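For reference, the structure is listed below as structure tokens.
Protein chains: 2
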Amino acid sequence: MKAFVKQAIQILEQNGYKITNPRKQVLELIQKASSPLSPYDLQKMLSKEEALNPVTIYRVLELFVKLHLVHKVARGGFVKCSIPTEEGCHHFVVCNSCGTTKEFAEDQGCHFHLPTNIAKDFTVTSHTYEIAGICKKCKK
Amino acid sequence: MKAFVKQAIQILEQNGYKITNPRKQVLELIQKASSPLSPYDLQKMLSKEEALNPVTIYRVLELFVKLHLVHKVARGGFVKCSIPTEEGCHHFVVCNSCGTTKEFAEDQGCHFHLPTNIAKDFTVTSHTYEIAGICKKCKK
DNA sequence: CGTCTAATTGAAATACTGTTGCAATTAGAT
DNA sequence: ATCTAATTGCAACAGTATTTCAATTAGACG
Chain A
28 MKAFVKQAIQ ILEQNGYKIT NPRKQVLELI QKASSPLSPY DLQKMLSKEE
78 ALNPVTIYRV LELFVKLHLV HKVARGGFVK CSIPTEEGCH HFVVCNSCGT
128 TKEFAEDQGC HFHLPTNIAK DFTVTSHTYE IAGICKKCKK
Chain B
28 MKAFVKQAIQ ILEQNGYKIT NPRKQVLELI QKASSPLSPY DLQKMLSKEE
78 ALNPVTIYRV LELFVKLHLV HKVARGGFVK CSIPTEEGCH HFVVCNSCGT
128 TKEFAEDQGC HFHLPTNIAK DFTVTSHTYE IAGICKKCKK
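Protein sequence lines, in the order shown, are assigned to chains A and B.
For the first sequence, my numbering begins at 28 and goes up steadily by one.
For the second sequence, my numbering begins at 28 and goes up steadily by one.
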């Protein structure tokens with residue numbers, strides 16, 4: 028089992044939440060994903076036998092967001108949060124035509140910052156930098 | 028009439044689109060707004076007499092995006108685009124608890140950049156930087 | 001290991017968000 | 001003033017998200 032799932036299960040236990048199949052299934056899928064997953068994406072990825080009710084997926088994700096195991100990012104997507112105690116940092120490129128979303132890492136770490144007058148009154152838990160435009164395929 | 032609405036009407040005319048009441052109404056509202064407006068926000072802002080069909084609002088916004096008069100940003104919001112020919116640049120602070128969204132300007136202009144390996148294949152039309160967390164009110 | 005209970009899940013109903021086809025209306029060209 | 005293509009509104013529909021409540025289950029305890 029990957030570190031992300033292991034750590035997430037620990038955090039669930041430490042906070043008195045049960046380790047259920049739906050929660051484990053969602054954790055496994057999010058850990059494998061390299062792009063944000065919507066509740067519907069998750070539903071599609073599950074085989075017939077392991078199928079989950081959409082409502083359950085919504086609730087599992089809501090809990091994970093509360094525990095800072097995943098971050099909710101732009102356009103209804105959810106991504107894993109490697110270090111639950113740290114601020115999330117997500118950078119995406121989105122094609123306005125086909126909707127394809129890709130995450131990218133900045134070469135020398137993340138340089139984004141918040142103006143000090145806002146930082147005073149606001150507790151930051153994550154940030155999303157989304158670049159929109161037209162991808163190579165759709166340009167043709 | 029404010030410069031934004033004036034310029035938008037010119038662009039509509041130049042591209043052979045009619046200057047209709049729904050289009051003027053939406054332009055006026057977007058020009059006044061300091062935060063992104065969703066189609067539903069716009070609907071609520073219109074009085075009974077000037078009410079628009081939601082479908083019309085969606086279609087008007089779709090056209091405006093195509094003509095680069097407004098930008099679609101994270102969470103279903105639309106904002107005016109001051110200079111239609113330039114890349115859009117939108118920075119927001121969003122409270123995860125109450126949903127309040129505020130736009131902020133960076134002190135020394137926008138320093139955001141796209142990694143060169145992505146820029147090669149992707150035509151950027153706008154970007155959104157969204158900082159999420161908990162606002163002062165919700166912390167209490 | 002079996003029992004018990006609170007937590008969790010699934011089903012049904014509902015609300016919100018967004019889209020499509022078509023008939024009625026209207027801007028603006030003539 | 002008339003005409004026509006563009007635009008709007010309506011109706012139906014599809015997708016997304018939330019709430020309530022009964023059925024199920026994880027895991028605590030004996």
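Positions of the beta carbon are idealized from the N, C-alpha and C atoms, including for glycine.
Model, not experiment: these values are computed from the prediction.
Collapsed DSSP secondary structure at B/Thr83 in the structure displayed
In this structure, B/Thr83 counts as helix in the three-state DSSP scheme.
Can you tell me the Cα-Cα spacing of A/Gln34 and A/Pro81, whole angstroms?
Roughly 25 Å separates the two Cα atoms.
Please name the residue in B/Asn42, B/Gln52, B/Thr127 and B/Val92 whose C-alpha comes closest to that of B/Met28.
Residue B/Gln52 is the option with its Cα nearest to B/Met28.
Name the residue from A/Tyr67, A/Arg86 and A/Gly43 whose alpha carbon lies nearest to the alpha carbon of A/Arg50.
Considering only A/Tyr67, A/Arg86 and A/Gly43, the residue with the shortest C-alpha distance to A/Arg50 is A/Arg86.
Classify B/Thr128: buried if its beta carbon has 16 or more other beta carbons within 10 angstroms, exposed otherwise.
Within a 10 Å sphere around the beta-carbon of B/Thr128 sit 16 or more other beta-carbons, which makes this residue buried.
List in chain order: all unbroken alpha helix (DSSP H) runs of 4+ residues lying wholly within the segment 41-73 of chain A.
Complete alpha helix (DSSP H) runs here, min 4: 48-59 and 66-72.
Strand pairing of B/Ile158, partner residues [DSSP]:
In the DSSP output, where bridge partners are listed per residue, B/Ile158 has A/His154 and B/Val120.
When you compare only the Cα positions, how much space is there between A/Glu76 and B/His117?
The alpha-carbon atoms of A/Glu76 and B/His117 are separated by roughly 44 Å.
Using three-state DSSP, classify B/Lys99 as helix, strand or coil.
Three-state result, B/Lys99: strand.
Beta carbon of A/Val100 nearer than 7 Å to that of A/Phe91:
No.
What in chain A is Cβ-close to B/Ile161, meaning under 9 Å?
Those within 9 Å of B/Ile161 in chain A are Phe149, Thr150, Val151 and Thr152.
Strictly under 7 Å for the Cβ-Cβ distance: is B/Val87 near chain A by that measure?
By the rule that beta-carbons nearer than 7 Å mark a contact, B/Val87 does not touch chain A.
Assess contact between the segment 149-161 of chain B and the segment 148-162 of chain A, defined as three or more Cβ pairs (one per stretch) separated by less than 8 Å. Is contact present?
Yes, since at least three Cβ pairs between the segment 149-161 of chain B and the segment 148-162 of chain A fall closer than 8 Å, the two stretches touch.
Is A/Leu56 near A/Leu39, with beta carbons less than 7 Å apart?
Cβ distance not < 7 Å, so A/Leu56 and A/Leu39 don't count as in contact.
Name, please, each residue of chain A whose Cβ falls closer than 8 Å to the Cβ of B/Lys166.
Within 8 Å Cβ-Cβ: Thr150.
Name the DSSP beta bridge partners of A/Lys107, please?
For A/Lys107, the pairing in a beta bridge is given by DSSP as A/Val97.
is_contact[B/Asn42, chain A] using C-beta, thresh 7 Å:
Not closer than 7 Å to any Cβ of chain A, the Cβ of B/Asn42 fails to qualify, so no.
DSSP three-state label for A/Phe1, please.
Residue 1 of chain A lies beyond the range of chain A shown here (28 to 167); nothing can be said about it.
Taking B/Lys166 as part of the alpha helix (DSSP H), name the residues at either end of that continuous run.
Residues Lys163 to Lys166.
To the nearest angstrom, how far is the alpha carbon of A/Gln37 from that of A/Asn48?
For the pair A/Gln37 and A/Asn48, the Cα-to-Cα distance works out to about 15 Å.
Contact under 7 Å by Cβ, B/Gly104 with B/Pro66:
Not a contact, by the Cβ cut-off of 7 Å.
Whose C-beta lies closer than 8 Å to the C-beta of A/Ile46 among residues of the same chain, with five residues either side of it excluded?
Ile36, Leu39 and Glu40, listed in sequence order.
Does the distance from the C-beta atom of B/Phe119 to that of A/Val120 stay below 7 Å?
No, the Cβ-Cβ distance between B/Phe119 and A/Val120 is not below 7 Å.
With 16 as the cutoff for other CB atoms within 10 Å, does A/Lys107 come out buried or exposed?
By the 10 Å Cβ count, A/Lys107 comes out buried.
In three-state DSSP terms, what is A/Phe149?
Reduced to three states, the DSSP call for A/Phe149 is coil.
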